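What follows is the structure, encoded as structure tokens:
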């Protein structure tokens, strides 16, 4: 489909636009007249946008909100989009994937892996529930909220791989311990140890030495 020099009307300013189709990429448009409305980005009508040729690529989207995790999916892009442009292209077309992303996020809260193409960091379900707990009922878990690791006493940096955080809050310590009581964020708390309390000392075998 060759639509180079095809003319249409911008949906933002209603001014005339023309397709540039540079380097095989058909979704490049430019205004053919100067507009007083300062419309910087020509947007063709929906019907024209849908008619442009596309190709499917597999992409991994890293989401950095309260919880950081990776999600892999197939995504249709216009032909000619370079790898350098892919990140901004995906961000500008988030309406095509954001709903699926939310579905995957909440499935992670239930600790369910949807399929082989869904990737989350370890303990993503716990971290996701912790993020929700901090937002919805922080007073019930404030006892265990900390910005320093209760095991090593270090405040994790951004590139720290030994700890797993929810924002600035340490969610999983460097030894793998879940810092907040899982039972208080709607998960199984079996085997959890309250690190804020003094632990009993095992004196067996020490007497008489």
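Residue numbers (UniProt numbering): 1 to 209.
From the three backbone atoms N, C-alpha and C, an ideal C-beta is built for every residue, glycine too.
Bear in mind that the values here come from a model prediction, so they are computed numbers and not experimental data.
Looking at C-alpha atoms only, which residue of 25, 58 and 139 is the closest neighbour of residue 247? Examination of residue 247 is not possible in this model, given that the chain is present from 1 through 209 alone.
Using the Cα positions of residue 45 and residue 183, report the straight-line distance between them to the nearest angstrom. 51 Å
Which residues mark the beginning and the end of the beta strand (DSSP E) in which residue 8 is found? 7-9
Closer than 8 Å is the cut-off here; do at least three beta carbon pairs connect the stretch 132-143 with the stretch 71-91? no
Continuous alpha helix (DSSP H) stretch holding residue 125: start and end: 124-136
Going by the beta-carbon positions, is the gap between residue 12 and residue 43 smaller than 8 Å? yes
Determine the direct distance from the alpha carbon of residue 27 to that of residue 14, and round the result to whole angstroms. 18 Å
Below 8 Å on the Cβ atoms is my guess for residue 186 versus residue 129; work out the distance and round it to an integer in Å. 6 Å
Can residue 210 and residue 149 be called in contact, C-beta distance under 8 Å? Examination of residue 210 is not possible in this model, given that the chain is present from 1 through 209 alone.
Does residue 126 pass the burial test, meaning 16 or more other C-beta atoms within 10 Å, or should it be called exposed? buried
Between the CA atoms of residue 198 and residue 93 - distance to the nearest angstrom: 52 Å
If residue 73 and residue 100 are in contact, beta carbons under 8 Å, what's the gap, nearest whole angstrom? 7 Å
Report the three-state DSSP secondary structure of residue 114 (helix, strand or coil). With a pLDDT of 41 at residue 114, under the threshold of 50, the modelled position of this residue cannot be trusted; read the value that follows with caution. Note: residue 114 maps to coil in three-state DSSP.
Which of helix, strand or coil DSSP assigns to residue 265: There is simply no residue 265 to check, as the chain begins at 1 and stops at 209 in what is shown.
Run the CB neighbour count on residue 157, radius 10 Å, all protein chains shown included, and call it buried at 16 or more, exposed below. exposed
With DSSP run on the structure shown, which of helix, strand or coil describes residue 59? strand
For residue 155, does the three-state DSSP call read helix, strand or coil? coil
Write down every uninterrupted run of the beta strand (DSSP E) in the stretch 153-198 whose length is 3 residues or greater and which is fully enclosed by it, in chain order. 164-166 and 169-172
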